[in-house]
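Take the position in the sequence shown, starting the count at 1, then add 22; the result is the number in the numbering used here.
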Amino acid sequence: MAETPSAPALLDPRLLQDPKMHARSRALFRASWQLLDPHLLEEGPELRPFVMLPGLLDEPLVRTPWALLPNVCTHRGATLIETPCQQRSLRCPYHGRRFSLAGRCEAAPGFDELEGFPSEADHLPEIEVEEWGPLRFASLDPLTSFEDIRAELDPWIGELVERPGQVLLREEDHHISANWALYVENYLEGLHLPFVHPDLSRQLSLPSYRYETLECGTLQIGAASAEQQCLDLPKGHPLEGQRIRALYVWLWPNTMINVYPWGLSMNRIEPRAGDETLVRYHTWVFDHIGSRNEVSAVAQTEAEDQQIVRRVQAGMRSSMVGPGTLHPEHEAGVVEFRRRLAEALAQCSTS
Ligand code: FES
Ligand SMILES: [Fe+2]
């Protein structure tokens, strides 16, 4: 008799409150694509040090005019620079090793006579930066190629992300006393829209709200209500001819890209601790003045989400109530997220 396939294991989000689980999730973030701060990539002669995912990866990096590099000396590990500066090379303050701005080890006092020096391990490895419209991504140890991600997302939002003339209008950081996964789960379903976001709900035709599960994440399709401006979808788009107000993409594990008729917004959800998250919001618009109301409406939606996510975090303390039944259609994204988290964390613990 054929065995009935068992339902995939879903992660109980309460487990993520445990600091040990927070530490265990490092490997999955190292393997993922992370959005970079837009300012890091602005052209200019400056060297810009930063830390990728503080409190989780704590990865010291430096952006030079030529490359994205580890901000750590290949000799014995001193960090190379601490503040933005203009230099023609990176010189280590410990024993004077010097690197080009592309990461090559060019000098190492005392090592001149050493055979086989420098070896590959003495150069700084370059980290690829992927560009997509105004967005920039990097991965320390990618599990999936960015090309594969683009191949999946391009039919839906490829050209829309690249629309020319989008200018960065707003950037804000918000600290939330909640686990990062709760913020992501909240993003992945539209069931909460009429209760948490009454104003946003008036812009959308909620009965037509739809979901697509992708390999790299999920897509939510927000059809426009009657009087709302719609996305100008390119020819051949899968939704061509439909009145779409917004496309919401979640990219595993912690990136959100939202496409609107008036511009683009991205959210980067940074896990700082088991019960602490930094959410970084960036918004690009075509028209600074004309889009002010739209941008403040997005900020209102974000504030409403933060508020409800805080309440879910408070509920995680309950010893009486655990994860309930999820709706197979409206919460398919949440199911997929919990399944992927369970799988990724299981791999992290065995690798
Ligand atoms: S740690 Fe950099 S030269 Fe020794
Ligand atoms: Fe929401």
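All C-beta atoms in this analysis are idealised placements derived from N, C-alpha and C, irrespective of residue type, glycine included.
Between A45 and D163, the gap from beta carbon to beta carbon reaches 7 Å or more. Rounded to whole angstroms, the Cβ separation of W284 and S313 is 5 Å, and the two are in contact under 8 Å.
Residue burial annotation: N315 is exposed, with fewer than 16 other C-beta atoms found within 10 angstroms of its C-beta. A200 is the residue among A200, E237, Q242, E211 whose C-alpha sits nearest the C-alpha of R333. In the three-state scheme derived from DSSP, where H, G and I count as helix and E and B as strand, T240 is classed as strand. According to DSSP, I149 shares a beta bridge with L90. Ligand 1 approaches A100 closely enough that one of its heavy atoms is under 6 Å from the residue's Cβ. Under the three-state reduction of DSSP, W272 is assigned to strand. Close CB contacts of E181 within its chain, under the 7 Å cut and outside five residues either way in sequence, are with P256 (chain order). Within the same chain, Cβ atoms closer than 8 Å to the Cβ of E148 are found at A89, L90, L91, A124, G125, the five residues on either side in sequence being excluded.
With a cut-off of 6 Å, the C-beta of D221 is classified as distant from ligand 2, since no heavy atom of the ligand falls inside that distance. For the segment 286 to 364, the continuous alpha helix (DSSP H) assignments of 4+ residues that do not extend past its boundaries occur at 314 to 337, in sequence order. Per DSSP, L136 lies in no beta strand (DSSP E) segment and is marked neither H nor E.
Taking 6 Å as the cut-off, the C-beta of D195 does not count as close to any heavy atom of ligand 2. DSSP places R70 within a strand segment (E or B) once states are collapsed to three. Within the model, the alpha-carbon separation for R120 versus L136 is close to 16 Å. Residue nearest to R290 within the set L75, G344, P156 is L75 (criterion: CA-CA distance).
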